[in-house]
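Chains as they are written, first to last, in the numbering used here: chain S, 17 to 336; chain V, 158 to 488.
Glycine is no exception: its CB is placed at the ideal position from the N, C-alpha and C atoms.
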C-alpha cells in the first residue's frame with residue numbers, strides 16, 4: 017500500500033522534521049526499517065539522512081558553522097552496516113504537533129474503527145479524541161463518519177474471530193441458489209459501509225470473500241480454525257472470471273463507478289470512456305447498468321447486453 | 158565534514174535550517190540576521206542574490222512552513238507594531254512540539270494504527286500516516302496490532318480536498334452543483350462547516366449564503382472545481398455544526414420512507430430487509446435522497462416493486478426505461 021509519489025521540497029522538509037525525533041527515539045535503526053516507516057525507498061532514506069548533516073544552527077559570526085552546530089551521524093555505521101545513529105543533534109528532538117489535516121484523517125478513521133465490535137471502549141475513544149485535539153497545531157476541519165448499523169451477524173463474526181472458531185451460515189449470492197458454508201474466519205473487510213468476511217471456505221477449499229448482508233443463520237461452530245495462515249486474496253479479486261466485457265459511459269461518471277473500474281482498462285475519447293474488464297458471467301453487470309439508468313451501456317458481449325435489457329424489462333413489467 | 162555547503166542548496170535544507178534557527182532563539186531573529194546567517198540564504202546572500210529576491214524567498218518559506226503547522230511568531234516593534242522592518246521571528250518550542258504531557262497508551266497506539274489505515278489511496282492516507290509517524294516517534298510501545306479487521310473509507314470525490322481546506326481556514330467557497338433533473342449546474346456559495354460520510358456518501362454541510370440557511374450537499378453532485386474565496390467567516394460557526402449536520406440527515410431519513418414489495422430470497426430481499434420494517438403490503442425502508450435510493454432500487458430490477466411514494470416509483474421506472482432503451486430493448 018505504499019505510495020511513492022514524487023515529493024515536493026515542502027514534503028521533504030516535513031519528513032526531515034519528523035525524522036530527527038524518530039531517529040533519536042530509536043537510538044539505532046537500519047536504513048530499511050526507517051525507509052519503511054517513512055514510506056520512502058532505501059536510497060531516499062539514505063539521502064535524507066546524509067542531508068541532515070548539513071542542517072544546523074546559524075553560525076555565530078554570521079558565517080561559518082562549527083561542526084558541533086550541525087547534526088551529525090555515525091558515518092561508519094551508515095556506510096558499512098546501513099545503520100543510522102545520530103551522534104550530534106542541534107534541535108528538533110520532539111515530534112512536531114499534528115497538522116489539522118493529519119488530526120482530521122486520524123479522527124475520521126477512529127470513527128469508523130469504533131463501529132467494530134469489541135475494538136476499544138468508549139473511554140478509550142474519548143481519551144484519544146481529546147489527545148488528538150490537543151496535539152494538533154490548529155483546529156482540524158470536522159470530518160464525520162456516520163456509523164452504520166451493527167447487527168447480530170456482525171457481532172457473531174467478531175465473536176468467532178476472537179475465539180478462532182469456524183462459522184457456519186447460509187450464503188445467498190446474487191443470481192445463485194443459497195448454499196450452506198462453513199468458513200474459518202480470517203478477516204473482516206469494511207468498505208463503503210458494507211462488511212465482508214474473508215476466510216477459508218470448507219466447501220470450496222479456498223479463500224473466499226462473503227458479503228455479510230448475504231449471510232443468514234450464522235452460528236459459531238466448535239471447530240478451531242485451521243487455515244488462518246493462508247494468503248488472503250486481494251480485495252474482491254474473483255478467482256474464476258473468464259468473460260471479458262466492454263462498457264461505455266460518460267467520462268464524468270467514472271468516480272461513481274469506483275470499485276467496478278479498479279480492475280478495468282480505460283480508454284477515453286471525446287468525453288466517453290470505454291472500460292474493458294473481466295466479470296464472472298453475463299449477469300454480473302446488469303445491476304450496474306440498471307442502477308445508472310442508461311448512462312452505462314454494456315457494449316459486449318451480446319449476452320450481457322441482452323441480460324441488461326431483460327433485467328430492465330422484467331422490472332418494468334411489474335408496473336404495467 | 159566541511160561546514161562549507163555548496164552554494165545551491167536544495168530548498169528543503171533551507172526550510173529545515175530555518176526551523177532549527179528559529180527554534181534556537183528566545184528573543185527572535187531579524188530578517189537581516191536570517192538572510193545573512195541561516196544556511197541556504199547565507200550562501201545566496203554571499204553569491205550576490207538581491208535582497209529583494211531573498212526577502213521574497215523568506216516570505217514563501219514562512220508560508221510553506223506555516224502550511225506544515227510550524228508556528229512562526231512575528232514579534233513587531235513595540236513602539237510601532239505595523240513596522241515590520243525590525244520585526245523578529247521565532248518558533249516557540251511549546252507551540253511547535255507535541256505537548257510533553259500527552260502520552261499515548263499501547264492500546265491507544267494500536268487503535269490509531271488501525272484508524273490511520275482506513276484511507277485507501279488518497280491524500281488523507283498520506284496525512285494519516287504522517288500523523289501516526291509523529292505519534293509513534295514518541296517511542297511508545299505498541300500492543301499487538303488489532304488483527305482481523307480491515308476497515309476502509311473511500312474518498313473518490315475530487316471536491317473533498319478543497320472543501321476540507323476551506324473549512325480549516327473558515328473561508329467561503331463556490332462550486333457548480335448539478336441537481337438531478339436540472340439541465341445545468343448552478344453555482345452555490347456556502348460557508349462550509351463540516352464534511353459528513355453518511356451511508357457511504359460524502360456530504361458537505363454549511364450555510365448557503367443565497368438561502369441564508371443550513372444546507373447539505375452531496376459531493377458527487379459537485380461537477381466542477383471548488384473555489385476558495387478570500388471571504389472568511391467566524392470560525393465559531395463551525396462549533397456544533399457536525400451535530401447539526403447529523404441531526405439534519407437523520408431527520409430527512411425519518412421523514413422519507415418507501416413502501417416496497419420485495420421478492421423473497423433475492424439480493425433485494427437480503428439488502429433491503431436489513432434496513433426495513435415489515436408493513437402490511439411489503440416493507441418500509443427510510444431513505445435520505447430519492448435519486449440515490451432510486452438508483453439502488455433500479456439495480457434490483459424485478460426483485461423489488463415500489464408501491465409508494467409515487468415520486469420514487471417514477472424515478473425507478475425512468476431508470477429502467479432508459480436502461481432498456483440503451484440496450485436495444487423496446488418498452
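* When we look at the beta-carbon of residue 173 (chain V) and count the other beta-carbons within 10 Å, is it buried (16 or more) or exposed? -> buried
* In chain order, what residues of the same chain lie with their CB nearer than 8 Å to the CB of residue 231 (chain V), ignoring the 5 residues before and after it? -> 241, 244, 245, 246
* Based on the DSSP output, what are the partners of residue 348 (chain V) in its beta bridges? -> V:364
* **Nearest-angstrom Cα separation, counted from residue 240 (chain S) out to residue 97 (chain S)** => 44 Å
* Asked: Can you find at least 3 beta carbon pairs, one from the segment 320 to 336 of chain V and one from the segment 375 to 382 of chain V, that sit closer than 8 Å?
  -> yes
* Answer yes or no: does any C-beta atom of chain S fall closer than 8 Å to that of residue 450 (chain V)? => no
* What residues in the segment 282 to 294 of chain V have a beta carbon less than 8 Å from any beta carbon of chain S? -> 282, 283, 284, 285, 286, 287, 288, 289, 290, 291, 292, 293, 294
* To do: Would you mind giving the Cβ-Cβ distance between residue 16 (chain S) and residue 377 (chain V), rounded to the nearest angstrom? I have them listed as a contact below 8 Å.
  => Beyond the ends of chain S as shown, which are 17 and 336, falls residue 16 (chain S); an answer cannot be given.
* Asked: Is it a yes or a no for the segment 274 to 284 of chain V touching the segment 117 to 125 of chain S, going by three-plus beta-carbon pairs under 8 Å?
  -> yes
* Length-filtered (4 minimum) alpha helix (DSSP H) runs lying within the segment 216 to 280 of chain V -> 250 to 253, 263 to 273
* Asked: For residue 236 (chain S) versus residue 202 (chain S), is the C-beta distance shorter than 8 Å?
  -> The answer is no: Cβ separation not under 8 Å.
* Asked: For residue 176 (chain V), does the three-state DSSP call read helix, strand or coil?
  -> helix
* Of the residues that make up the segment 191 to 225 of chain S, which ones have a beta carbon closer than 7 Å to any beta carbon in chain V? -> Within the segment 191 to 225 of chain S, the residues whose Cβ lies closer than 7 Å to some Cβ of chain V are 203, 204, 205, 206, 207, 208, 209, listed in chain order.
* Going by beta carbon distance, what residues of the same chain come within less than 6 Å of residue 432 (chain V), once the five residues before and after it are set aside? -> 442
* Local Cβ density within 10 Å of residue 327 (chain V), reported as buried at 16 or more and exposed below that -> buried
* Asked: Relative to the C-alpha of residue 234 (chain S), which residue among S:260, S:220, S:197 is closest?
  -> S:197
* Asked: residue 439 (chain V) and residue 188 (chain S) look like a contact to me (Cβ under 8 Å); what is the Cβ gap, rounded to whole Å?
  -> Actually they are not in contact, since the Cβ atoms of residue 439 (chain V) and residue 188 (chain S) sit about 19 Å apart, beyond 8 Å.
* Asked: Three or more C-beta pairs closer than 8 Å, one from the segment 262 to 272 of chain V and one from the segment 297 to 314 of chain V: is that the case here?
  -> yes
* chain S within 8 Å of residue 160 (chain V), Cβ atoms only -> Low local confidence applies: a pLDDT of 45 at residue 160 (chain V) is under 50, so the model's placement there is unreliable, with the coordinate-based value given in what follows. Yes, because at least one Cβ of chain S sits closer than 8 Å to the Cβ of residue 160 (chain V).
* Determine, using beta carbons only, whether residue 235 (chain S) comes closer than 8 Å to chain V. => It does not: the Cβ of residue 235 (chain S) has no partner Cβ on chain V nearer than 8 Å.
* Whose Cβ in chain V lies nearer than 9 Å to the Cβ of residue 240 (chain S)? -> In chain order: nothing, as chain V lies at least about 15 Å away.
* **Proximity of residue 315 (chain S) and residue 262 (chain S) at Cβ, strictly below 8 Å** => yes
* Cβ separation of residue 415 (chain V) and residue 459 (chain V), assumed to be a contact under 8 Å, to the nearest whole Å -> In fact, because the Cβ distance is near 17 Å, the residues do not count as touching under 8 Å.
* To do: Could you spell out the range, first to last residue, of the beta strand (DSSP E) harbouring residue 184 (chain S)?
  => 181 to 187
* In this structure, does DSSP put residue 141 (chain S) in helix, strand or coil? -> In the structure shown, residue 141 (chain S) falls within a helical segment according to DSSP collapsed to helix, strand and coil.
* Contact set between the segment 130 to 145 of chain S and chain V, restricted to residues whose Cβ is under 9 Å from the partner -> 130, 131, 132, 135, 136, 140, 141, 143, 144
* Asked: By how many angstroms is the C-alpha of residue 120 (chain S) removed from the C-alpha of residue 385 (chain V)?
  -> 19 Å
* Does the segment 362 to 371 of chain V touch the segment 399 to 413 of chain V, meaning 3 or more C-beta pairs lie closer than 8 Å? -> Touching, yes.
* Within the 8 Å Cβ cut-off, does residue 70 (chain S) reach chain V? -> yes
* Asked: Three or more C-beta pairs closer than 8 Å, one from the segment 318 to 330 of chain S and one from the segment 40 to 56 of chain S: is that the case here?
  -> Too few Cβ pairs lie closer than 8 Å, so no.
* **residue 348 (chain S) to residue 175 (chain S) span [Cα, whole Å]** => Because residue 348 (chain S) is not part of the residues shown, which for chain S are 17 to 336, the question remains open.
* Asked: Among residues of its own chain, excluding the 5 on either side of residue 187 (chain V), which ones have a beta-carbon nearer than 6 Å to its beta-carbon?
  -> 245
* To do: Flag this pair as touching only if the segment 152 to 171 of chain S and the segment 345 to 357 of chain V have three or more C-beta atom pairs under 8 Å; answer yes or no.
  => yes
* To do: In the DSSP assignment, find the beta strand (DSSP E) that holds residue 263 (chain S) and state where it starts and stops.
  => 259 to 266
* To do: Below 7 Å CB to CB, which residues in the same chain sit around residue 321 (chain V) once its five sequence neighbours on both sides are set aside?
  => Taken in chain order, the residues that qualify are 352.
* **residue 82 (chain S), DSSP secondary structure in three states** => coil
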